[in-house]
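Colleague: My questions all concern the structure below.
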Amino acid sequence: MDLLNTLVDKGLRRESPTREEALAVLATSDDDVLDVVAAAGKVRRHWFGRRVKLNYLVNLKSGLCPEDCSYCSQRLGSKAEILKYTWLKPDQASAAAAAGVSGGAKRVCLVASGRGPTDRDVDRVSETIKAIKEQNESVEVCACLGLLSDGQAERLREAGADAYNHNLNTSEATYGDITTTHTYADRVDTVNKAHAAGLSACSGLIAGMGESDEDLVDVVFSLRELDPDSVPVNFLIPMEGTPLAKEWHLTPQRCLRILAMTRFVCPDVEVRIAGGREVHLRTMQPLALHLANSIFLGDYLTSEGQAGHKDLEMIADAGFEVEGTGEVTLPEHRASARSGGCGSHTDGGGCGSHADAGGAGAGGCGSHAGGGVCAPASASTPAPARATEEPRTDLVAVRRRGAGTDLAPNA
Ligand code: SF4
């Protein structure tokens, strides 16, 4: 297929596809899905080899959020029967983080529900970061605490944070359909604050909220422009008790096309399969490793994932290897720009120019992988047809172990 050959060539050169090319990837048929995976897999292997980075979520504060993100089980008015608890103490959080690290994770993602942290919250998280780094200096710590105020990113950086996650989630045009209590511009501003403070930015999306192909392409191109180091791709987990509980649009093949399109648009960026991996990709998860170079190990913020040992078996069986702490995740040109610290993001290459969830699970304002949107209207292309299969509600389990409970975490 000429389209795929063109996209591979562009991906190897870090050149952006056109919008039409990205849309064409999403429009390919199920008959072509293996060709699409093979093509995007070449780009993935060029920049990231066969390595898979493991990330581990620690939900520092769960539920009771005043914001109204429709996809989120922690939102204002959510009837989802999730765990609800206030801030974990630093020793509790570092114990949870240690479980993830011993399971193979090289990054720990500290997530808290809420609009954004108070300065006291930044103090708490700073203490937690220090406790984690004291145990294991080499572990990467990403904070995901919502919208940042001036100076907070710098304080997190000083405390030892390596990265900050805040997802764009969906296109600017439809953002108001999923959340009314903050804006798309607020989210962009927080990603820019993280960049400016020298934090590695992590920002991604949620697919499956009823959005159109145009919306998906828009948000991925916006991410390319924002130039994060990592892009988590969440697949909506329609949690009972949220406004989007009935939004089951995704098939495994569509998830693969979305990941492939993201890889072509952001070829040299850490693309992470985030929340919804087990629910929507199901037995096709191993194929997605040919597209993404990063996953979450174990459970998500409010829902349970595949057993940690199953994640590891899947990676080995598919012919991939877990990325070690001594290995650099990003390609050399991006890693060296990052080590230049603040302001060095504008090297023009990479996932775009100057160009970071939690979500899915990930967090706070990342995108707790929960919700969806009720068919946002996009002008040109209608929302994709509903999947013909039955919703797999049997695969959605509320998290009942790990952080905030007395039970051992899944890692
Ligand atoms: S995504 Fe974050 S801000 Fe939005 S409702 Fe969930 S916890 Fe609150």
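If you read the sequence shown in my numbering, its first letter stands for residue -7, the second for the next number, and so on.
Every residue gets a Cβ at the ideal spot worked out from N, C-alpha and C, and that includes glycine.
All values derive from a computational prediction rather than experimental measurement.
Below 8 Å on the Cβ atoms is my contact criterion, and I expect Val35 with Leu4 to pass it. Report the Cβ-Cβ distance as a whole number of Å.
Modeller: Sure, about 6 Å apart at Cβ, within 8 Å.
Colleague: Could you give the C-beta distance for Leu160 and Val211, rounded to a whole number, given that I count them as a contact under 8 Å?
Modeller: That pair is a contact at about 6 Å.
Colleague: Per DSSP, which one or two residues make a beta bridge with Leu197?
Modeller: The partner list for Leu197 (beta bridge, DSSP) reads Asn161 and Val225.
Colleague: Helix, strand or coil for Asn47 per DSSP?
Modeller: Here Asn47 sits in strand by DSSP.
Colleague: Alpha carbon to alpha carbon, how far is Tyr292 from Ser192?
Modeller: Rounded to the nearest angstrom, the two C-alpha atoms are 21 Å apart.
Colleague: Please classify Thr162: is it buried, with 16 or more other beta-carbons within 10 angstroms of its beta-carbon, or exposed?
Modeller: Result: buried.
Colleague: Look up Ala186 in the DSSP assignment and say whether it is helix, strand or coil.
Modeller: It is helical.
Colleague: Could you check whether Gly290 and Tyr77 sit closer than 8 Å to each other, using their CB atoms as the reference points?
Modeller: Not in contact: Tyr77 and Gly290 (Cβ atoms no closer than 8 Å).
Colleague: Look at the alpha carbon of Gly342 and the alpha carbon of Asp398, and state the distance between them as a whole number of angstroms.
Modeller: The predicted position of Gly342 is uncertain, since its pLDDT is 35 and thus under 50; a value taken from the coordinates is nonetheless stated next. Whole-angstrom Cα-Cα distance: 43 Å.
Colleague: Can you grab the Cα-Cα spacing for the pair Leu15 / Leu208, in whole Å?
Modeller: Looking at the two C-alpha atoms, the distance is approximately 9 Å.
Colleague: Counting only the same chain and skipping the five closest in sequence on each side, list residues whose C-beta sits under 7 Å from that of Gly96.
Modeller: Around Gly96: Leu46, Leu289, Leu304 and Val314.
Colleague: Classify Asn285: buried if its beta carbon has 16 or more other beta carbons within 10 angstroms, exposed otherwise.
Modeller: Buried: at least 16 other Cβ atoms inside 10 Å.
Colleague: Pick out the complete beta strand (DSSP E) segments inside the region 100 to 164, 3 residues or longer, and give them in chain order.
Modeller: Runs found: 132 to 136 and 155 to 157.
Colleague: Are the CB atoms of Leu(-1) and Arg391 nearer to each other than 8 Å?
Modeller: Result no, Cβ atoms of Leu(-1) and Arg391 do not sit closer than 8 Å.
Colleague: Can you check whether the CB of Ser105 is closer than 8 Å to the CB of Thr234?
Modeller: Taking 8 Å as the Cβ cut-off, Thr234 and Ser105 do not qualify as a contacting pair.
Colleague: For Glu262, report the span of its beta strand (DSSP E) as first-last.
Modeller: Note, Glu262: beta strand (DSSP E), Glu262 to Ile265.
Colleague: So is Gly396 buried or exposed if we call it buried at 16+ other beta carbons inside 10 Å?
Modeller: Result: buried.
Colleague: Less than 7 Å between the CB of Cys64 and some heavy atom of the ligand SAH, yes or no?
Modeller: Judged by which ligands are present, the ligand SAH is missing from the structure shown, whose ligands are the ligand SF4.
Colleague: Taking the alpha helix (DSSP H) that Ser94 belongs to, which residues open and close that run?
Modeller: Looking at the DSSP string, the run of the alpha helix (DSSP H) that includes Ser94 is Pro82 to Ser94.
Colleague: Please identify the residue among Gly33, Val257 and Leu248 whose C-alpha is closest to the C-alpha of Glu7.
Modeller: Glu7 has its Cα closest to that of Val257, out of Gly33, Val257 and Leu248.
Colleague: Report the three-state DSSP secondary structure of Val25 (helix, strand or coil).
Modeller: Reduced to three states, the DSSP call for Val25 is helix.
Colleague: Could you tell me if Ser130 is buried or exposed, where buried requires 16 or more neighbouring beta carbons within 10 angstroms of its beta carbon?
Modeller: Its Cβ having fewer than 16 others within 10 Å, Ser130 is exposed.
Colleague: How is the beta strand (DSSP E) around Ser286 delimited, first residue to last?
Modeller: Per DSSP, Ser286 belongs to the beta strand (DSSP E) from Ser286 to Phe288.
Colleague: Within 10 angstroms of its Cβ, does Gly168 collect 16 or more other Cβ (buried), or is it exposed?
Modeller: Gly168 comes out exposed.
Colleague: On the DSSP letters alone, give me the boundaries of the alpha helix (DSSP H) that Lys302 sits inside.
Modeller: Counting along the chain, the alpha helix (DSSP H) containing Lys302 begins and ends at Gly300 to Asp309.
Colleague: Residues in its own chain within less than 8 Å of Arg249 by CB, not counting five upstream and five downstream?
Modeller: Same-chain partners within the cutoff: Val17, Leu18, Thr20, Val25 and Val28.
Colleague: What first and last residue would you give for the alpha helix (DSSP H) that runs through Cys247?
Modeller: Cys247 -> alpha helix (DSSP H) spans Pro244 to Val257.
Colleague: Is there contact here, the region 175 to 187 with the region 84 to 91, by at least three beta-carbon pairs under 8 Å?
Modeller: Taking 8 Å as the limit for Cβ pairs, the verdict is that the region 84 to 91 does not touch the region 175 to 187.
Colleague: What do you get for Leu68, buried or exposed, if any count of 16 or more other CB atoms within 10 angstroms of its CB means buried?
Modeller: Classification for Leu68: exposed.
Colleague: Below 8 Å between beta carbons: does that hold for Glu232 and Leu387?
Modeller: The answer is no: Cβ separation not under 8 Å.
Colleague: Can you tell me where the alpha helix (DSSP H) with Arg216 in it begins and where it stops?
Modeller: Run containing Arg216: Asp205 to Leu218, per the alpha helix (DSSP H) assignment.
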